[in-house]
Structures are given as structure tokens and as C-alpha cells.
Amino acid sequence: MAKQLIKGNEAVVKGAILAGCRFYFGYPITPASEVAEAAAYYLPKVGGTFIQAESEVAAINMVYGAASADVRAMTASSSPGISLKMEGLSYCAGAELPFVLVDIMRAGPGLGNIAPEQGDYNQIIKGGGHGNYKVVCLAPNSAQEMCDLTILAFDLADKYRIPAVLLADGFIGQMEEPVEFPPARTSLPDKPWAIHSDADDEKRLITSINLEPELLEKHNLHLQEKYAEITRNEIRFEDYQTADAELVIIAYGVVSRIVQTTIDDMRAAGRKVGMMRPISLWPFPSAHIVELGDQVKQFLVVELSDGQMVDDVRLALNGKRPVHLHNRMGGMVPSPEEVQERALKILEG
Amino acid sequence: MAEKVLAKAESFFDIYDRNPSPSKDVTHYCPGCGHGVLHKLIAEAIDDFGIRERTVLFSPVGCSVFAYYYFRTGNIQCAHGRAPAAATGFKRTHPESIVISYQGDGDLAAIGTAEIIQAANRGENFTVFFVNNAIYGMTGGQLAPTTLVGQKTTTSPYGRNPANEGYPIKVAEMISTLDAPVYVERVAITDAKNTARVRRAVRKGLQNQIDNKGFSLIEVLSVCPSNWKMDPIQSKQWLSDNMIQQFPLGIFRDRTGEVPAAENKRHIFHVDGLREALELPVETESTIKVAAPAPEFQDPRIKLAGFGGQGVLMLGLMLAEAGMHAGYHVSWIPSYGPEMRGGTANCHVNLSHRRIGSPTVSRPTLLVAMNLPSLERFENEVVPGGLIIYDTAMVTRAPKRTDVKALGIPASTIADELGNTRGANMVILGAYIGYTSILPKEAIFAAMPSLIKRKNLIPLNEQAVEKGMEFVRNLRG
Chain G
19 MAKQLIKGNE AVVKGAILAG CRFYFGYPIT PASEVAEAAA YYLPKVGGTF
69 IQAESEVAAI NMVYGAASAD VRAMTASSSP GISLKMEGLS YCAGAELPFV
119 LVDIMRAGPG LGNIAPEQGD YNQIIKGGGH GNYKVVCLAP NSAQEMCDLT
169 ILAFDLADKY RIPAVLLADG FIGQMEEPVE FPPARTSLPD KPWAIHSDAD
219 DEKRLITSIN LEPELLEKHN LHLQEKYAEI TRNEIRFEDY QTADAELVII
269 AYGVVSRIVQ TTIDDMRAAG RKVGMMRPIS LWPFPSAHIV ELGDQVKQFL
319 VVELSDGQMV DDVRLALNGK RPVHLHNRMG GMVPSPEEVQ ERALKILEG
Chain Z
510 MAEKVLAKAE SFFDIYDRNP SPSKDVTHYC PGCGHGVLHK LIAEAIDDFG
560 IRERTVLFSP VGCSVFAYYY FRTGNIQCAH GRAPAAATGF KRTHPESIVI
610 SYQGDGDLAA IGTAEIIQAA NRGENFTVFF VNNAIYGMTG GQLAPTTLVG
660 QKTTTSPYGR NPANEGYPIK VAEMISTLDA PVYVERVAIT DAKNTARVRR
710 AVRKGLQNQI DNKGFSLIEV LSVCPSNWKM DPIQSKQWLS DNMIQQFPLG
760 IFRDRTGEVP AAENKRHIFH VDGLREALEL PVETESTIKV AAPAPEFQDP
810 RIKLAGFGGQ GVLMLGLMLA EAGMHAGYHV SWIPSYGPEM RGGTANCHVN
860 LSHRRIGSPT VSRPTLLVAM NLPSLERFEN EVVPGGLIIY DTAMVTRAPK
910 RTDVKALGIP ASTIADELGN TRGANMVILG AYIGYTSILP KEAIFAAMPS
960 LIKRKNLIPL NEQAVEKGME FVRNLRG
């Protein structure tokens, strides 16, 4: 199939439209602005709607309204903007509204800078908003996956009535790579619960309020059951050269690309190293990490944060194997050689 | 013979099953509260207009958070102050629906100020009912943005002091300063005469939406006997004596007559012409043949750097696009993050026979330096045996490294001679492909149409590539 050299941020929008999304509400922020710009350019051409909201807060609440209907809707931002969206994300989770939120992470805390970081792991995976909720979180590492995982995010969101987050970093958003675009979805999934503007709407209610503790606990238990089901069905990861590896590096997003080069270079020198790349950050491939731990002697997590994903790796292994962390912050990105140096130190004890 | 004189509107549920309280036939509102009256006027209007089945009511946060207990319509309950944003989102998906944003004073005029002003300013085609009772009801009587000067609340126990809390906000007046709204009126639920005005305003606000005329806001002054600590009769008197002085009744904007009625068409999902609209590539058979470059030039990891404006990013994109046409795995990433300083532009490009790992190039096999700072900055990163191509017209010294190949091209001079000063990047590109055979020129030419917006410039760029190739041919003699 013919390929197109395209920026990750733009591949998200084409993927979303192919998935049947026709409604985008967003606010500009570097390095995510190309998502809004592409949505503003393409959506009107396909009978869709783009609105530049007055704020990140308004944008996520516009999505709340649109996702209450029988359509597909999305928004995108970058870290500081995602912080602002947390109220809305919690409400959407409570009301079980499916939509896609794209986070092109930049460095923080505060205004930070526009260079890539992965410091939003905790606010997305651990629930930056209030209450007991989870969101499906997919982590692309190429322009192709920016398209493909956006489509998957819409499907999972609708399948489980849950917000789905595409968590990428500035590099993955800004990078251009060839992308093959799949066929367009010709129809949208049925959403009998959604407001249709028809006679059955009197039976439909979109809300996250429940004043009765007993009933709200029941709703929470329902959500927890759903999260357990998603954890059973939707874990995704990629193993790279792990079969005989003594050291496995765990990384996602642009870091997994850098680590791939590290693995290639080290394998060429006869070192038994491999990589495990979580594609779904929630649900997290914990069971697979435990399984790898049967054979792998040590793990190294490489991430662009103060060490956020490493907590989940340590929780999974529960002391079974040593877990090392190599991390950079503030927009600094390690080179393959830097990772190799650290990996060699670990291998040589 | 019994005569039915009172009937509940069809647009209310017969039994309020959604209310968890055991009483399913009364509302949760306090005796004397204005919400019950306004609910009734809205429900009756929905009945009379025959729009119940397409009406969607947005419940706010505040006492009317439970409006969905009562209205037999579509119901969406949303976050504090965000109803105008949520209503915007929904209305855009269903333009044919009748959307009501029902909000109190804390919701609309404090925490949701941005949302209401912006929705009004966009002229969203929905109807806002703004209940102003000068106090926070649900949370138990705190200061509202509309609390009167001197009025005591639980968070203004000494009375509202303008020096500390500012003045009551006049929402109807404020919204009417915007261009887009079609209808803004303030009414009050007090005596029969004023309540009849409320009824008329409710209907006008909904009729405007049915006719697709745009944004209507009706501010309704209403009593809160419980939190005002008065009985209902005293409350109405207090409203008339005090609130109406601060918030005068009347029409602040009415463009209803100027705006023509239009049909609200349902959004139809379709995929007609989608791939063309998305400008997706069409399948073409590639006839580009790639000669095998010498081993040291295979699978290049490339860093390209120069001043902004020298076309460094375009040079990188051209390589990546041409590489893709020639069947390579490719990646391109612009200068970004720590390397983006001092007015220099750089980008990283990979061309490979294998799946590309790191898109960032820390140890380039090829460095293209279009100016001296770029050479000085990146020379040491080049792998031993690698290649440095530099523009001798811009870079005043040769590379110092002796373990790399250096190829100096007077690219800017050649481009000048072609009458295309900005073509130095394409001269460099020609020199690179000529020197290494990494790509045939046909791949570059195939890449140009999607990257060069002004089509008349394509021949000039092709010429620059040819000149670069010619220069290295002559070097070899």
C-alpha cells in the first residue's frame, strides 16, 4: 500500500477521521498544536466540526458533551494542558464517556519547556483527576502507530465506554515517518446509552453524580469490574530480542526507539540484551514482566521522567529480580550509547 | 362534574423515579424556591412547541443539579460551570436538538464565567436559563458573584464588602455587550405580572433556538428563602425591594427580528470522498531503481545543520521523502529540545534497509554543515570513517578531523550562479547522492512535488541537484 511521509501529530488526525471521528475540540499548545491544526484543516472537508475552545477546561467539557452523543469525538494537548483537563477526565470516567485524548508530552513541572518528556505517566496512569478511575492508555513509538493506535483507542473507548488516552512524547509527535493508512470505517458503533436527540432519550441519562454512598459504591464496583475485564483482554506489548536475554530494558515512546538501537549495537557485540515495550501503559503488561523474570536476571527501565513507570515494573516483579532505572528529565533525551553504557555497567555488576 | 384545572406538563416525568428519596411525587426544592416555577414554565413551553423528544437539558452543579429527576427529556449532568462548553459539544453533534443550559449564579457567573462568555460569543444556538438568587444554595448560603453589597452570607458574615469581594456581576448586561447573542433579557419570579414575563421570555428563548437564530440567555431573578432565612412571602418582597435595584429587569439585546429563521439540519455521518479529502496517497508502481552504495555509505544516519532559512529542514525532508520512494525505511525529526538554540536549524534523518531504531542521531555517519557554527558544533559527533559535507562558500575552514571523509562543495556559489540563492541545499543533496549513490536523482525528483509548494520552482531545484551531482563527477575527473 502507498505510504505517506507524515508528522506523527498529523497521522493522529488522519487516523481519527478514518476511525469515524468527526468532532474535535482543542486548545493550541506546543508540541501538540499540529494535531489541532490538522483537525481544523481536515474536519470541515469531511463534514466534521473543529472548535478551538477558550481553554483546555472548556475543550474537555465540549468533548464531554459530544461524547454524550452517538458520535466519536476527541481532543489533544500537551502536559500543562493535560493537567487542566483532569477535572473533565474524571467526570468522563465517572459518566463512562468514550472519547480519545491525545497527550504529546513535554517537559515540566510547571511551564517547563517544549522538549520531550514522559512525566505525565503518573497523571494519566495513576489518575491525575479525583476519584477511583482508570483510562485506557496506549503509547505509540512511530508515526504509523500514531495513526493505528488512535484508531484502536477509539475502538477500545467505545467497546468499554471509557476514555482512551494516546500518550506520546514531543519527538513522536514531531517526527515524520512513512505511514500506510488503513481503510475508513464506514459506520459508527451503536451506542444505545448515548443521547440521540430522539424519543428514547427520556430513558437516557449522562451523569457522574450519585448522592447515595451505597449506590455510588455500587457504581465504583461496576467500574472496577470493567477495569478488571480490560486488564484481562487488552494488554499489548512488543518483545524485542528477549528470548535469551539476561538483561531486558523496558521503555516506551521515543525511548523504545533509542533502546532498539542500543539492543542492536549490543547484540552485534554478542551481548544478550533485549527490550520489552509496553504498548498499553494501562492495562500494564505486569504479568508478562513477571513471566520474563523467570529467565531474565535483571531489568533496566529507561524513561524520560523522575522514574514513574519503573514503579509499575517494581510492583509487578515484587522483588523477584533487580530493577534498575536510567532516566533523564527536563527535555534531555539519552543517546543509544548512553543507554548502552548503563546496560554494560549493570551486566558487569 | 369534575373539571381538570391543573395538569403536570408532559415534559415532566409522571413519577420522579430518579430521585432516591422515598417521595417520588414532589421535587427536592425548598418551599417557595423559584426553581419549581421556572421548571414548570420551561416544561410547559417544551410541551407547547412539541419539541420534547429532541430536547436535551444540561443540569449544572447547584440546587438544580437534579433537574434530570424531573424533565422527561434527554439529560446530561455536567461539571460546575461547564454546561455552556458541554452544551456546545453536544449541540454541534446534533444541531437539530433543542439544548437547554440551566445554570445558577455560582455556576454561570463565578466558576463558569469563561465558558458562558465564550459560548455566547460564538453565538451557540442554544438557550441558557440563568437563575440568579444572589447566594449559593446547594452548598448552604455562601457568597455568590451576584450577592448584593452588604448582604450577609456564610462566607461574607459581615456583609459583602466591595473592597474585599468586588461588586455583584450584572450578567445580562455583560453578555449583551457581545455581538453574537440574539436575545438577552432579565426577568423575575415575583408576582403574577412578572412571572408572566418570565413565561414569555422562556418561550422566546426556545423559539429562537427552534428557528436556528442563535444564542439566547434569560436571567431569572429568583428567591432562596432557606438561605436568605426568610419565608417565601418575605423573600419575594426582599427580591423586589433589593435585587431589582441592582439587577434591573428588561430586554438588553433583541436581534430576533433581524436574524432570519433557518432549518436545524441533523449531522449525517458519511465517508464520501474521504481518502481524497484526507489527501492520502494513491497506489503507484515505483520504477525507481537504487544502485547499491559502497558499504560505508549504506544505512546512513544523517545530521543536517545550518542557519534558519538555508533550507536544512527541507533538505532533510527531501532525503526522507526520496528515500521512502526508493523503498528505504526512513525517519525525519526536526531540531527540537536542547539542540534548538542560537538560531541554528538542524534535523536528523535515517535511511535504512531495516526497521529504524533511534530517530535521533547522536553519532552521524553523515554530517551536512551549511555554516561554520554547525561544523564546529557537530564535527566531533561524526563516526570514524564517516562523511562530512560542507558548503565551502559558508564554512571558512575545512574539518579538523582526519579520520573522516570531507567533501567541500561551493554550494551557495553554484546556487547563486543558477540564479537561485536558496538552492544551495539542493546542490548539497545532488553532491551527496552523486558521491554515494545512496539515491538516484529520479527518487529526489519524485519527492519534489509533495514538498515544494510553488510548482514553478521545481525545475530550478532539479537543476540545482544536477549541478551538485556534476560537481562531484568533475571532482573525480
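So the sequences go chain by chain: G and Z.
Here the first sequence stands for residues 19 to 367, where the numbers follow the numbering used here.
Here the second sequence stands for residues 510 to 986, where the numbers follow the numbering used here.
Backbone N, C-alpha and C fix where the C-beta goes; we use that ideal spot for every residue, glycine too.
Beta-ladder partner(s) of N131 (chain G), from DSSP
Numbered from its first residue, the first sequence carries residue 131 (chain G) at position 113. Within the DSSP secondary-structure output, N131 (chain G) pairs in no beta bridge.
Buried versus exposed call for R250 (chain G) [16 or more other C-beta atoms within 10 Å across all chains shown]
Here residue 250 (chain G) corresponds to residue number 232 of the first sequence, with the count starting at 1. Exposed: under 16 other Cβ atoms inside 10 Å.
Just the chain G side, please: which residues come within less than 7 angstroms of E519 (chain Z) by C-beta, in chain order?
Counting from 1 along the second sequence, the entry for residue 519 (chain Z) is found at position 10. Residues of chain G passing the Cβ test: none, with the nearest at roughly 10 angstroms.
Just how far apart, CA to CA, sit V189 (chain G) and M978 (chain Z)?
One-based indexing of the first sequence puts residue 189 (chain G) at position 171. One-based indexing of the second sequence puts residue 978 (chain Z) at position 469. What sits at residue 189 (chain G) in the sequence shown is Phe, not Val. If you take the alpha carbons of F189 (chain G) and M978 (chain Z), they lie about 33 angstroms apart.
Assuming L787 (chain Z) and K25 (chain G) are in contact, meaning their beta carbons sit under 8 angstroms apart, how far apart are those beta carbons, in whole angstroms?
Along the second sequence, read from residue 1 onward, the residue named residue 787 (chain Z) stands at position 278. Along the first sequence, read from residue 1 onward, the residue named residue 25 (chain G) stands at position 7. Rounded, the Cβ-Cβ distance is 14 angstroms, inconsistent with contact.
Let me know the secondary structure DSSP gives D187 (chain G) once reduced to three states.
Locating residue 187 (chain G) in the first sequence gives position 169, where the first residue counts as 1. Strand at D187 (chain G).
For my contact list, L265 (chain G) and L318 (chain G) are in at a C-beta cut-off of 8 angstroms; report their separation, rounded to the angstrom.
As a position in the first sequence, residue 265 (chain G) is number 247, starting the count at 1. As a position in the first sequence, residue 318 (chain G) is number 300, starting the count at 1. The Cβ separation is near 6 angstroms, so the contact holds.
Please classify G846 (chain Z): is it buried, with 16 or more other beta-carbons within 10 angstroms of its beta-carbon, or exposed?
The residue given as residue 846 (chain Z) occupies position 337 in the second sequence. Residue placement at G846 (chain Z) is flagged as unreliable, the pLDDT there being 48, under the threshold of 50; a coordinate-derived value is accordingly withheld.
Report the option in G:G66, G:G65, G:M92 and G:A87 whose CA atom is closest to the CA atom of A77 (chain G).
Here residue 77 (chain G) refers to the residue found at position 59 of the first sequence. Measuring from the Cα of A77 (chain G), the nearest candidate turns out to be G:M92.
Is V535 (chain Z) buried or exposed, if buried means 16 or more other CB atoms sit within 10 Å of its CB?
Taking the first residue of the second sequence as 1, we reach residue 535 (chain Z) at position 26. Exposed, since its Cβ has fewer than 16 Cβ neighbours within 10 Å.
According to a CB-to-CB cut-off of less than 9 angstroms, which residues of the stretch 33 to 65 of chain G neighbour chain Z?
Within the stretch 33 to 65 of chain G, the residues whose Cβ lies closer than 9 angstroms to some Cβ of chain Z are I35, L36, G38, R40, F41, F43, P49, Y60, K63, V64 and G65, listed in chain order.
Between the CA atoms of A973 (chain Z) and K505 (chain Z) - distance to the nearest angstrom:
As displayed, chain Z neither begins before 510 nor continues past 986, which places residue 505 (chain Z) out of reach and without an answer.
Could you tell me if the beta carbon of A628 (chain Z) falls within a distance shorter than 7 angstroms of some heavy atom in the ligand FAD?
Although the ligand FAD was asked about, the structure shown includes no ligands whatsoever.
Within 10 Å of its beta-carbon, does V693 (chain Z) have 16 or more other beta-carbons around it, so buried, or fewer, so exposed?
Locating residue 693 (chain Z) in the second sequence gives position 184, where the first residue counts as 1. By the neighbour-count criterion, in which a residue is buried when 16 or more other Cβ atoms sit within 10 angstroms of its Cβ, V693 (chain Z) is buried.
Between G:P134, G:A287 and G:P200, which has its C-alpha nearest P352 (chain G)'s C-alpha?
As a first step, residue 352 (chain G) is located in the first sequence; it is residue number 334 there, counting from the start. Answer by Cα proximity: G:P134.
Check whether the Cβ of A987 (chain Z) lies closer than 8 angstroms to any Cβ atom in chain G.
This structure leaves residue 987 (chain Z) out entirely; chain Z is present only between 510 and 986.
On a Cα-Cα basis, can you pick out the residue from Z:P804, Z:G782 and Z:I585 that is closest to P201 (chain G)?
Here residue 201 (chain G) refers to the residue found at position 183 of the first sequence. Minimum Cα distance to P201 (chain G) is reached at Z:G782.
8 angstroms Cβ cutoff, G583 (chain Z) in contact with chain G:
Taking the second sequence and counting its residues from 1, the one referred to as residue 583 (chain Z) is at position 74. Cβ-Cβ to chain G under 8 angstroms: yes for G583 (chain Z).
Interfacial residues, the stretch 821 to 837 of chain Z to chain G, with Cβ spacing under 8 angstroms:
For the stretch 821 to 837 of chain Z, the beta-carbon criterion of a distance under 8 angstroms to any beta-carbon of chain G is satisfied by L826, A829, E830 and M833.
Can you pull the chain G residues whose beta carbon is under 8 angstroms from the beta carbon of W841 (chain Z), in chain order?
Reading the second sequence from its first residue, position 332 is the one you call residue 841 (chain Z). Here the neighbours are L23, M193, E194 and E195.
What is the DSSP secondary structure of M647 (chain Z), reduced to helix, strand or coil?
What you label residue 647 (chain Z) is simply residue 138 of the second sequence in a count that begins at 1. DSSP places M647 (chain Z) in coil when its eight states are reduced to three.
To the nearest angstrom, report how far apart P949 (chain Z) and M935 (chain Z) are at their CA atoms.
Numbered from its first residue, the second sequence carries residue 949 (chain Z) at position 440. Numbered from its first residue, the second sequence carries residue 935 (chain Z) at position 426. Spanning the two alpha carbons is a distance of roughly 14 angstroms.
Whose C-beta lies closer than 6 angstroms to the C-beta of N859 (chain Z) among residues of the same chain, with five residues either side of it excluded?
Your numbering for residue 859 (chain Z) matches position 350 in the second sequence. Hits under 6 angstroms: R810, S840 and I865.
Is the stretch 41 to 49 of chain G close to the stretch 66 to 84 of chain G, with three or more CB pairs under 8 angstroms?
Judged by Cβ distances under 8 angstroms, the stretch 41 to 49 of chain G makes contact with the stretch 66 to 84 of chain G, as three or more pairs qualify.
Against chain Z, which members of the stretch 218 to 250 of chain G pass a CB distance test of less than 9 angstroms?
When C-beta distances to chain Z are compared with 9 angstroms, the residues of the stretch 218 to 250 of chain G below that value are D218, D219, E220, R222, L223, I224, T225, S226, I227, N228, L229, E230 and L233, in chain order.
Report, in whole angstroms, the separation of the C-beta atoms of M833 (chain Z) and P196 (chain G), which I expect to be a contact under 8 angstroms.
Working through the second sequence from its first residue, we reach residue 833 (chain Z) at position 324. Working through the first sequence from its first residue, we reach residue 196 (chain G) at position 178. About 5 angstroms separates the Cβ atoms of M833 (chain Z) and P196 (chain G), confirming a contact at the 8 angstroms cut-off.
Quick one, which of G:G349, G:G348 and G:V341 has its alpha-carbon nearest R360 (chain G)'s?
The residue given as residue 360 (chain G) occupies position 342 in the first sequence. Ranking G:G349, G:G348 and G:V341 by Cα distance to R360 (chain G) puts G:V341 first.
Can you name, in chain order, every residue of its own chain whose Cβ lies under 7 angstroms from the Cβ of T168 (chain G), other than the five neighbours on each side?
Against the first sequence, residue 168 (chain G) aligns to sequence position 150. V30, G33, A34, A37, V118 and L184.
Quick check: the Cα distance between G943 (chain Z) and A801 (chain Z), rounded to an integer number of angstroms?
Counting from 1 along the second sequence, the entry for residue 943 (chain Z) is found at position 434. Counting from 1 along the second sequence, the entry for residue 801 (chain Z) is found at position 292. Within the model, the alpha-carbon separation for G943 (chain Z) versus A801 (chain Z) is close to 13 angstroms.
With distances taken from CA atoms, which of Z:N703, Z:V691 and Z:F756 is nearest N717 (chain Z)?
If you number the second sequence from 1, residue 717 (chain Z) lands on position 208. The option with the nearest alpha carbon to N717 (chain Z) is Z:V691.
Can you check whether the C-beta of C539 (chain Z) is within less than 8 angstroms of a C-beta belonging to chain G?
For the purposes of this step, residue 539 (chain Z) is identified with residue 30 of the second sequence, where counting begins at 1. Answer no: the Cβ-Cβ gap between C539 (chain Z) and chain G never drops below 8 angstroms.
I'd like to know if E926 (chain Z) contacts chain G, where contact means its C-beta is closer than 8 angstroms to some C-beta of that chain.
Start at 1 with the first residue of the second sequence, and residue 926 (chain Z) comes out as number 417. By this cut-off, E926 (chain Z) is not an interface position.
Pull out every residue of the stretch 76 to 90 of chain G whose Cβ sits closer than 7 angstroms to any Cβ of chain Z, in chain order.
Taking 7 angstroms as the Cβ-Cβ cut-off against chain Z, the residues of the stretch 76 to 90 of chain G that qualify are A76, N79, M80, V81, Y82, G83, A84, S86, A87 and V89.
Which residues in the same chain as E888 (chain Z) place their Cβ atom closer than 8 angstroms to its Cβ, once the five residues preceding and following it in sequence are excluded?
Here residue 888 (chain Z) refers to the residue found at position 379 of the second sequence. Closer than 8 angstroms at Cβ, skipping near neighbours: L876, A878, I897, P908, K909 and R910.
Report the option in Z:I551, Z:E975 and Z:N528 whose CA atom is closest to the CA atom of S520 (chain Z).
Position 11 of the second sequence, counted from the first residue, corresponds to residue 520 (chain Z). When each option's Cα is compared against that of S520 (chain Z), the closest is Z:I551.
Cβ pair L547 (chain Z), S731 (chain Z) closer than 8 angstroms:
If you number the second sequence from 1, residue 547 (chain Z) lands on position 38. If you number the second sequence from 1, residue 731 (chain Z) lands on position 222. Cβ distance < 8 angstroms, so L547 (chain Z) and S731 (chain Z) count as in contact.
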